[in-house]
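Peer 1: If you scroll down you'll find the structure; I have some questions about it.
Protein chains: 2
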Amino acid sequence: MPVRKASVSAKDVAARAGVSRAAVSRTFTPGASVSEETRSKVIAAAEALGYQVNHLARGLISQKTGIVAVVGADLATPYRSELLRALTERLQAVGRVAILINTDRSDRSVDMALQQAIRYRAEAAIVLSGMPDKSISDLCHRNGLRLVLINRDDAHSRSIQIRLNDADAARLALTSFLRAGCRTLAVATSNAGTPSLVAREEGFLAEAHRRGLSVTCERFGPTGYESGLALGERLLVLPDRPDAIFCTTDLIACGVMDAARHRFSLSIPDDLSVIGFDDIPQSSWDSYQLTTFRQPIGEIASSAVDWLAEDEGDGETRVIRLAAPMSWRKSVRGSNAR
Amino acid sequence: MPVRKASVSAKDVAARAGVSRAAVSRTFTPGASVSEETRSKVIAAAEALGYQVNHLARGLISQKTGIVAVVGADLATPYRSELLRALTERLQAVGRVAILINTDRSDRSVDMALQQAIRYRAEAAIVLSGMPDKSISDLCHRNGLRLVLINRDDAHSRSIQIRLNDADAARLALTSFLRAGCRTLAVATSNAGTPSLVAREEGFLAEAHRRGLSVTCERFGPTGYESGLALGERLLVLPDRPDAIFCTTDLIACGVMDAARHRFSLSIPDDLSVIGFDDIPQSSWDSYQLTTFRQPIGEIASSAVDWLAEDEGDGETRVIRLAAPMSWRKSVRGSNAR
DNA sequence: AAGAACATTGCACACGTGTGCAAAATAAAT
DNA sequence: ATTTATTTTGCACACGTGTGCAATGTTCTT
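Same order as they appear, the protein sequences are chains P and C.
Per the working numbering, residue 1 is the first one in the first sequence, and the count goes up by one each step.
Per the working numbering, residue 339 is the first one in the second sequence, and the count goes up by one each step.
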């Protein structure tokens, strides 16, 4: 029961060009042998008919679809949308096409997303959030689907895991506060408990502990601006009000800054220094000028795509650690001189 | 030359379950006839082997792939990323999978993107930016690919075009300024010249003209925050400095507001009223509290997806016009009482 | 019990493509 | 001119699936 118009096939082009169907196929297969005379006849016929190779059929026979699944939740947040943009651009540059699977709906969605990726015989999947169950990861391997895990905790066998040096950044945040003369330190983070947020929080706390400093740590809600407002309100009413707050994401930082200014009439950075993480576009806006750590989005995208685009590796697990360089703006005391 | 592990096929499942390959197929085809005994044998075998139906093969034989292409540039801007999130969610809810094609690289990319969509035999394409050439639009039709054009100027035959009432919103922006007592009006927009921006600008100017009012219109750069800063700087140094600026997007408005406050020390809305368009998340942040028009993203997404998910229509062109309701915040004089 | 109606099953074909291989054609070497 | 080497071509098969159809099995009606 075909419900659609039949597309032009290689058979139609062959008839029009007066050659065999195999000659048509060879004309559109890189590296295949075809004479210039046949080639131009086929190209002319294909253009006249509007022929486009059917990649479903090609994928079926060649076992290479060119499809890469990108799997994630919260796709509209500044960091994730920018990463998605960079990934699609890079994938297209190496001849791949991205299937986007939104996992907003549940944690189990990563497993379901990967099963969907297998149904379309995706060559690889890039997981931006959530973590696949081991049985699904094995299923991916059995189906030749390669896994890229971005900012996930566990490495799965035969996959690549791209992590940031969150702890290094957190340490640098702490030392930057100390150098700026801040003494009452706090961490503001969400209840999401995702690997990156945990690493940043723990890195900050561990470095403070190593230096014999006490830090107030406040967690609240999902990882967004509204939680930042609430976290600012909770931290800034403390009797021992912090003069420095490390926020585990920039969205939280923007909320903290707005709470400080608009609800507590504090001046940043005179009364309160703030450091975030991500370097989203809004961090550079005049209303924020937030000092933060820049997500190396270009490097994440190229690391991910270069790995999956190379020939089948030897199956070992790889972990890539990238630095998140500091972006100095005006939210830390004494940072104007940088 | 297969370069990947052969996935489990229906043939493998049939052998394990002791039934025919057709029984396996029928078990995984909704509405097909299969006994409960056979079904449970097949299901058990499929689960043991990790079988996932090959949708490439299914698409080839059934001429229905479930694939919908989403085509657009500037995917990381707040409005577009939110629309993308809503579209993927809605597409998944009706059993479709989204192929995301990024057209940042050139105008001709929409044509190339649609050709790529045809190669994967996508059932439909949702175009978020750019406009396909007529010959490509025809090619889509010939291949049974249905077109959804969002905020594009021209309707193509046998497609659906979803537009906002930009001009109505612009008129309401003007009357809101007048009601707030503003007298020196300006429009701030980009050089992008996209259909929505032009409609908003022209709607504002036409209504002003109808009322015998003069408006300064300034255009600059791409459609982003930085252009808003620059536009604010250009408009606010005028000898006849505007006391009301209609910005054709919220990103531009945030830039204008930051320029007014941080570079001209103006108070909003006392010295300057600002209205934007889109209602991006940042518009509700304490630092902005921008009065704006809300993009009906949920309705756009459901209009688009409901149309393409329904059975083949009669081929007529449809235009859907949606209202962009006003979101009152604090950037217009006298708007606190709302 | 027999006949009619309905459900289930396996076979074989088709969807559109890439490719191994033998045959044919062309180019290069002697 | 003949032989050898290389290129090109068409045929037929395979990839994995859904389905028309004939054959078989089961249920319902008389």
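A virtual CB, placed ideally from N, CA and C, is assigned to each residue, including glycine.
Nothing here was measured: the structure is a model prediction, and the numbers come from that model.
Tell me, please, whether the CB atom of Trp328(P) is closer than 8 angstroms to any CB atom in chain C?
Peer 2: With a threshold of 8 angstroms between beta carbons, Trp328(P) makes no contact with chain C.
Peer 1: Just how far apart, CA to CA, sit Ala10(P) and Ala395(C)?
Peer 2: 17 angstroms
Peer 1: Am I right that Arg294(P) and Asp279(P) are in contact with their C-beta atoms under 8 angstroms? What's the rounded C-beta distance?
Peer 2: 4 angstroms
Peer 1: Looking at the secondary structure, which residues open and close the beta strand (DSSP E) in which Ile162(P) lies?
Peer 2: 159 to 164
Peer 1: Three or more C-beta pairs closer than 8 angstroms, one from the stretch 551 to 571 of chain C and one from the stretch 521 to 528 of chain C: is that the case here?
Peer 2: With the cut-off at 8 angstroms, the stretch 551 to 571 of chain C and the stretch 521 to 528 of chain C touch.
Peer 1: Ignoring anything shorter than 3 residues, give me the beta strand (DSSP E) runs that lie fully in the stretch 384 to 430 of chain C, in order along the chain.
Peer 2: As far as the stretch 384 to 430 of chain C is concerned, its whole beta strand (DSSP E) runs of at least 3 residues are 405 to 410.
Peer 1: Grab me the residues of Ile658(C)'s own chain with a C-beta within less than 6 angstroms of its C-beta, minus the 5 sequence neighbours each way, in chain order.
Peer 2: Ile500, Ser641
Peer 1: How far does the beta strand (DSSP E) with Glu218(P) in it extend, from its first residue to its last?
Peer 2: Note, Glu218(P): beta strand (DSSP E), 215 to 219.
Peer 1: Nearest chain P C-beta to Ser528(C) closer than 8 angstroms, yes or no?
Peer 2: No, because no Cβ of chain P sits closer than 8 angstroms to the Cβ of Ser528(C).
Peer 1: Determine, using beta carbons only, whether Asn489(C) comes closer than 8 angstroms to chain P.
Peer 2: no
Peer 1: What is the C-beta distance between Val68(P) and Ala48(P), in whole angstroms, given that I count them as a contact (C-beta under 8 angstroms)?
Peer 2: Contact doesn't hold; Cβ gap of about 33 angstroms is too wide.
Peer 1: Contact criterion: CB-CB distance below 8 angstroms. Does Val319(P) meet it with respect to chain C?
Peer 2: Chain C, which has no Cβ nearer than 8 angstroms to the Cβ of Val319(P), makes this no.
Peer 1: Quick one: what's got a C-beta closer than 7 angstroms to Arg21(P)'s C-beta in the same chain, skipping five residues either side?
Peer 2: By the criterion of a C-beta distance shorter than 7 angstroms, Arg21(P) is surrounded in its chain by Ala10, Lys11, Ala14, once the five residues flanking it on both sides are discounted.
Peer 1: Taking contact to mean 3 or more Cβ pairs, one atom from each stretch, closer than 8 angstroms, check whether the stretch 103 to 119 of chain P and the stretch 375 to 383 of chain C are in contact.
Peer 2: no
Peer 1: Using 8 angstroms as the threshold, is the C-beta distance between Asp104(P) and Glu420(C) below it?
Peer 2: no
Peer 1: Could you confirm whether any beta carbon from chain C is found closer than 8 angstroms to the beta carbon of Ile118(P)?
Peer 2: yes
Peer 1: Quick one: does Thr367(C) have its CB under 8 angstroms from some CB of chain P?
Peer 2: no
Peer 1: When you compare only the Cα positions, how much space is there between Trp666(C) and Pro30(P)?
Peer 2: Straight-line measurement puts the Cα of Pro30(P) at about 58 angstroms from the Cα of Trp666(C).
Peer 1: Can Val148(P) and Ala124(P) be called in contact, C-beta distance under 8 angstroms?
Peer 2: yes
Peer 1: Straight-line CA distance for Ala86(P) to Ile297(P)?
Peer 2: 7 angstroms
Peer 1: In or out: Ala323(P) buried (at least 16 other Cβ within 10 Å) or exposed?
Peer 2: exposed
Peer 1: For Met595(C) and Leu567(C), I'd like the C-alpha separation in whole angstroms.
Peer 2: 8 angstroms
Peer 1: Find the nearest neighbour of Leu574(C) within the set Glu545(C), Ser611(C), Ala546(C), judged by alpha-carbon distance.
Peer 2: Ser611(C)
Peer 1: For Asn54(P), go through chain C and note every residue whose CB falls closer than 8 angstroms to its CB, in chain order.
Peer 2: Leu398, Arg457, Arg459
Peer 1: Chain P beta carbons: is any one of them nearer than 8 angstroms to that of Glu420(C)?
Peer 2: yes
Peer 1: Which residues in the same chain have their Cβ closer than 7 angstroms to the Cβ of Tyr509(C), if we skip the five residues on either side of it in sequence?
Peer 2: According to the sequence displayed, residue 509(C) carries Arg and not Tyr. Excluding residues within five positions, the ones whose Cβ falls inside 7 angstroms are Gly541, Glu545.
Peer 1: Quick one: give me the first and last residue of the alpha helix (DSSP H) that Thr27(P) is part of.
Peer 2: Residues 21 to 27.
Peer 1: Under a CB-based cut-off of 8 angstroms, is Gln633(C) close to chain P?
Peer 2: Interface flag for Gln633(C) against chain P is unset, since no Cβ pair is found closer than 8 angstroms.
Peer 1: How is Leu516(C) classed by DSSP in three states: helix, strand or coil?
Peer 2: helix
Peer 1: Could you pull out every residue in the same chain whose Cβ sits closer than 6 angstroms to the Cβ of Arg16(P), ignoring the five residues on either side in sequence?
Peer 2: Apart from the 5 residues on each side of it in sequence, Arg16(P) sits with its Cβ closer than 6 angstroms to the Cβ of Ala45 in its chain, given in chain order.
Peer 1: Count the other CB atoms, across all protein chains shown, that sit within 10 Å of the CB of Ser35(P); report buried if there are 16 or more and exposed otherwise.
Peer 2: exposed
Peer 1: Secondary structure at Asp449(C), three-state DSSP: helix, strand or coil?
Peer 2: helix
Peer 1: Can we say the stretch 398 to 415 of chain C touches the stretch 130 to 137 of chain P, given the rule of at least three CB pairs closer than 8 angstroms?
Peer 2: Contact between the stretch 398 to 415 of chain C and the stretch 130 to 137 of chain P is absent, because fewer than three Cβ pairs lie under 8 angstroms.
Peer 1: Within a Cβ cutoff of 6 angstroms, which residues of the same chain sit near Glu591(C), ignoring the five residues on either side of it in sequence?
Peer 2: Here residue 591(C) turns out to be Ala, not Glu, going by the sequence shown. Cβ within range, chain order: Cys585, Val612, Gly614, Leu628.
Peer 1: Count the other CB atoms, across all protein chains shown, that sit within 10 Å of the CB of Ser287(P); report buried if there are 16 or more and exposed otherwise.
Peer 2: buried
Peer 1: Given a threshold of 16 other Cβ atoms within 10 Å of its Cβ, counted over all protein chains shown, does His393(C) qualify as buried or as exposed?
Peer 2: buried
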